[in-house]
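Notes to accompany the following structure.
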Amino acid sequence: MSIALEPEENKLLSSKIKMERVTEEVLAPMGRFPSLPWHIAFGLAQATALLLVLPVIYQLFFGLGIYGINNPVGWGLFIVNFVFWVGIGHAGTLISAILCLFRQNWRTSINRSAEAMTIFAVMTAGIFPLIHVGRTWVAYWLVPYPAERALWVNFRSPLLWDVFAVTTYFTISLLFWYQGLIPDWATARDRAKNRFFRSIYSVLSFGWTGSARDWNHYERAYRQFAFLATPLVLSVHSIVSFDFAVSLIPGWHTTIFPPYFVVGAIFSGFAMVVTLLVIMRKLYNLEHYITMKHLELMNKVILATSLIIGYAYASEFFIAWYSGHEYEQFQFLSRPFGHYAIPFWTMVICNLVVPQIFWSKKMRTCIPVMFVVSLLVNVGMWFERFNIFIISLHNDFLPSSWGLYIPTIWDISYTIGSFGFFFTLFLVFTRVFPTLAIAELKSTLPAPSTGPKIPEAAHHAHHDDDDGSARHHPDSNPKEAH
Amino acid sequence: MHEPRVSHIDDPGPLKAPAALQIGCLVLAVIGLLVFLVSAFTGTEESRQSAWAGYYVSVLYFFFLAMGAAVFLSFQYVTSAKWYVVLKRLPEAIASFSWKGGGFLVLLSILGISYLYTQWSTVNPASYYPYENTAKAVWLSPGIHVIKVIIYIVALMVATFFLIRASQDTNGDSATLRLKRMKAAIPFLAVFAFAFSLFAWDAIMSVEPKWFSTMFGVYCFSGALLSALALMMLISFWLQARTGGHVRKRHMYDLGTYVMAFATFMMYIGFSQFMLIWYANIPDETFWYMKRYEGGWGLWLVLLPVLKWVIPFFLLMPPPMRTNLVAQVIVCISILFGQLVDIYLLIMPAYYPEFVVPSLVHILTFLGVMGLFGWSTLSSLAARPLLPVGDPDLLSSVNGDYLHA
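Protein chains in written order, with our numbering: chain V, 110 to 591; chain H, 21 to 425.
Structure (C-alpha cells):
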C-alpha cells in the first residue's frame, strides 16, 4: 500500500536516492569528458554504421541489381528491416503515452530513453524505403503535392498511408519527447559551468522559467500530447500491416494482422528497451533509478505479449486449415517445412519458447538472463518479418513464377549497418541529453523532510495532497472534475 | 475535490432484494424457455428454425456478458490491480451466470444443430462446399461438433467457476490472496483464449461455413468484454447509492475510461476485419458482409459502429461526462443494444436473406434467458456482502492509495 512498507527489492526507486543529488547524478554524463567504454562503444557503432553507408553508395552507381531482390520477392530485406525498426519504436510511445494515461508511475525512470529509442528506431526504419525505391534522389515523389509533373500519388495504396502514418508518428513522438525535455534543459542551463553551454541550453529550453504558469501550460500540453500519441501506438503498425493484409497473397491476407502486428511491435520494442537499459544503467551508474523493478515489469510485458503473438500464430494456422483454401494451406505448410524452415523455427523458438523463462521470478530478475532473452526476442521478431514477407512472396499462386530469395552480401551489410546507425544515435543521446526525466522522477520520490521524522500515516495523508503523480486525476484537479 | 479518507468500512450486508423479484425472474425464465421449447419442437419447419435462431442469439448475448465479466476480473488479477476491488461483486455476480444456467443453455443449442447449422448439419456438404472431401467436412459434422462444443463450454464453465471461487476467497493476507488469484486467473485466461476462440469459430462463425476470418475470435471477445463493462457500469450507479458512498467518483471515472477504451478497441477490431475484406474484395469473403448489407440488414450494419463506438466515445470524451449519470446510462444502453444488434447480425442473416423483425417468440425467449440471467446475478449478489469487506485491498481501493504506490 505505502511505499515505505514495501521491501527494498519491490521498490520502484532505491531508497539510496537523495532528492538533492538527483539532478547532479542525472546530468553528470553531460558535463564530463566521455569515458573510455563510451569511446569504444561509439567507435564500434560508427564502424558498423559504415556497413549501411557502403551499399548505399555502391547502389547509387550500380543500381538495385546488387541486392538479392528478384521477380517474385521484390521486397527483400529492405522491408523486413523497415518493419522491424518501426516495430522497435512502439515500446517508447507505449511507455511515454499510454502508461502516462494509465498513471503507471514506473514509466518515469525509463520514458526518456525509451522515447529516444523510438525516434532513432523510426529514423533507422525510414532509411530502408528510401534505399528500396532505387532512385533515392526522387524519393520526394512520395509526398503528394501539385507539381508540373501532374502526377499524383496513389491515395488508395496502403504504401502511401504508410508514408503518412510513419511521418506523423515521427513528428508527434519527436515533439512529445522534446516537450518533456524542456524543463530538464532549463535545469542543465541553470547548472551550466560556462557561457557557451549556458547559451546553448537556454535556446534549447525555450526560455523556461519554472514558474507556476509554465508548469501549468506544460502539464496540459503533456497530457494532450499523450492523448495524441496514444492512437499512434496502434495506428502505425496497423497501417504497416495493411501493406500486406489488403493484398491477395496467401499468408498476407488475414484479418488478424493489424492487432497481431501491433502486439509484435510492442514485444520487440520492450525487448530492445531492456537491452539498452541494462547497458545504460551499468555504464552511467543509474542502478538506483532504473531498478530491478522496472526491468521486471518490462519482462512481464514481454512475457504477456509473447503469449498474445503465440495466440495469433495459432489462429493463423488454424484458419488457414479451416478455410479449406489450398493456397493458404500450402503457404502455411511451406513455412515450417519449406525452403525457409530454419527462419521459421528460429522465430518460434525465440518468440514463443524463450520468453517463457520469465514465468520464474528468479529468471526475470536476473540481468544476464534478461539480456540474452531480450536479444533473442529481437532475433525472433526479425525472423518473424522475414517469414511473413519472404516466404509468402517466393511461392505464390503460379509455380512457374516461384523463385528463391537469397540475400547478397550487400543486403546483409545494410542490415547489420542499421544497428550501427541506431546505436550511434543512441550513444550520442546518452552523452548529450538528460537521460532521465528529472522533473518527473522527482515527483515520484517521497517528499524530502528535514524536520523530525513524520509518522508514516500522517506522512501519507499529507502526501496525497501534493504528490505529483496524483495530478492526472480528477479528484485532485477541481477544474476537471466539474 | 477530495473525498474523505476512511479507515474502516462497515459491512453493508448482502443485497436485500425482494423475494418477488427473484421469483419473478425465475417465472420469466420458465415462461420464456417453455415458449421457446414449444415452438422449437412443434409447428412447421420455418417456425422451428426461427425459434432456434432467436434462442441462439439470446443465449449468446447473455453468455458473452458472463464471459466478458470473467475476463475483466481475470485481467485485474493478472495485473494485481487494486482500483476495482470496491466494484468486484458486480463482475463476480455477472460471471456466475456462466455456470448457473448460461453454459447449460449454450449446451442445449446442440439439440438445434439441424436448424442452426443448416449448411452442413443435415444436407450433404458436397452440395454446399466448394471443398468437399476435405478435413473441414469432418471437422464441421454433427457428431464432432457436439463433442467440440461440450469440451469448449465445459472448459469455460469450470475455469470461470474456479476464478470466481478464488475471487470470493478472503482467507489470507494481501500477498497470499494475490498469489491465489493469480493462480486462478492465469489458467482461466489460457483456457479462455483457446476455448472461447474455438467456440467462436466452430459454433458461431460456422453458421456460414464458407466464411472465415482469423479475427473472429478476437471480435467476439471484444464484444463480450465491452458489453460486460457497460452492464457493470449501469449497475455500479445503483451500487454507489446502496453502499454509502464507498464507490467514489474516481471509480466511476475509471470505469468510464475503461468503457471508452474498449469501445475503441471494439471499433478497431471491427474496422480491421471489415476493411481488409472490403479492400481485398475476394468473393469468398465479401459475400458474408454483402449478406449483412443487402435485404434490409444494411441499416443495422451501419448503425453498429455508431452504437458501439461513436456514441460511447464522443459522449464520454469530456472528463466530467465520465461521472455523469445521464451520459453513462445513455452509453451503457447504446452499447448493450449495439451488442444485441451485433449478435443478431452474426446469426440471423445466415438463414434469412431479408431482414426479420424479432417475433413474439424471439422476444419471449430473450426475456426468458434474461430472467435466468437476472436470477443468477441477484442470487449471487444476495449471497455475500455487497462490498468485499474481507478483502485486504478494499481500503486501498476506496481511498485511492494505489494511485501513489
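Backbone N, C-alpha and C define an ideal beta-carbon position, used for all residues, glycine too.
- Not flagged as an interface residue toward chain H: Thr474 (chain V), since no C-beta distance is shorter than 9 Å.
- Using a Cβ distance threshold of 9 Å, Phe306 (chain V) and Arg298 (chain V) count as a contacting pair.
- At the C-beta level, Gly529 (chain V) and Ala154 (chain V) come within 9 Å of one another.
- Within the segment 156-243 of chain V, the complete alpha helix (DSSP H) runs of at least 4 residues fall at 185-202 and 220-241.
- Contact annotation: the segment 305-320 of chain V does not touch the segment 236-244 of chain V, with fewer than three C-beta pairs closer than 8 Å.
- The straight-line gap separating the alpha-carbon atoms of Ala49 (chain H) and Leu365 (chain H) is approximately 24 Å.
- At a cut-off of 9 Å, the C-beta of Ala301 (chain V) has no neighbouring C-beta in chain H.
- If you draw a 10 Å sphere on the C-beta of Thr132 (chain V), you find 16 or more other C-beta atoms in it, and that means buried.
- Uninterrupted alpha helix (DSSP H) stretches at least 4 residues long and entirely within the segment 154-191 of chain H occur at 155-159 and 162-188, given in chain order.
- Taking C-beta atoms as the reference points, Ile358 (chain V) and Leu507 (chain V) fail to come closer than 9 Å.
- Using a 10 angstroms sphere on the CB of Tyr104 (chain H), the tally of other CB atoms reaches 16 or more, which defines it as buried.
- Using a CB distance below 7 Å, the part of the segment 419-435 of chain V facing chain H consists of Tyr420, Ser424, Glu425, Ile428, Tyr431, Ser432 and Gly433, ordered along the chain.
- Judged by DSSP in its simplified three-state form, Met235 (chain H) adopts coil rather than helix or strand.
- Shown here is that no member of the segment 450-461 of chain V has a Cβ falling below 7 Å from a Cβ of chain H.
- Rounded to whole angstroms, the gap between the alpha carbons of Met401 (chain V) and Ser100 (chain H) is 18 Å.
- Ala220 (chain H) has its alpha-carbon roughly 14 Å from the corresponding atom of Tyr137 (chain H).
- Contact check for Phe187 (chain V) against Pro138 (chain V) fails: the beta carbons are separated by 9 Å or more.
- In this structure, DSSP gives Glu374 (chain H) a state outside helix and strand, which the three-state scheme calls coil.
- Inclusion of Val135 (chain V) and Leu550 (chain V) in the CB contact set at 9 Å is warranted, their separation being smaller than that value.
- Distance from the Cα of Phe216 (chain H) is smallest, within the candidate group H:Leu127, H:Gly237, H:Arg201 and H:Ala347, for H:Gly237.
- In this structure, Leu93 (chain H) sits near Ser187 (chain H), with a CB-CB distance shorter than 9 Å.
- The C-alpha of Pro405 (chain H) is placed about 7 Å away from the C-alpha of Asp31 (chain H).
- The closest CA to that of Ile164 (chain H), considering only H:Leu197, H:Lys203, H:Asp222 and H:Phe214, is found on H:Asp222.
- Met235 (chain H) and Ile365 (chain V) do touch by the CB rule: their CB atoms are close to 5 Å apart, below 8 Å.
- Between the C-alpha atoms of His434 (chain V) and His362 (chain V) there is a straight-line separation of about 12 Å.
- Non-local beta-carbon contacts of Arg300 (chain V) in its own chain, meaning distances under 6 Å to residues more than five positions away in sequence, are absent.
- Taking 9 Å as the CB threshold, Phe219 (chain H) stays off the interface with chain V.
- Interface criterion met: the Cβ of Ala300 (chain H) is under 9 Å from a Cβ in chain V.
- Residue burial is scored here from C-beta neighbours: Val182 (chain V) has at least 16 other C-beta atoms within 10 angstroms and is therefore classed as buried.
- Around the beta carbon of Thr533 (chain V), 16 or more other beta carbons sit within 10 angstroms, so the residue counts as buried.
- A straight line joining the alpha-carbon of Arg342 (chain H) with that of Ile236 (chain V) spans about 44 Å.
- In the three-state reduction of the DSSP assignment, Phe151 (chain V) falls in the helix class.
- Cβ-Cβ distances below 6 Å link Phe441 (chain V) to Phe426 and Ala429 in the same chain, with the five nearest sequence neighbours on each side left out; the list follows chain order.
- Under the three-state reduction of DSSP output, Met407 (chain V) falls in the helix class.
- Against chain H, the beta carbon of Val355 (chain V) has neighbours under 7 Å at Leu296, Tyr299 and Ala300, listed in chain order.
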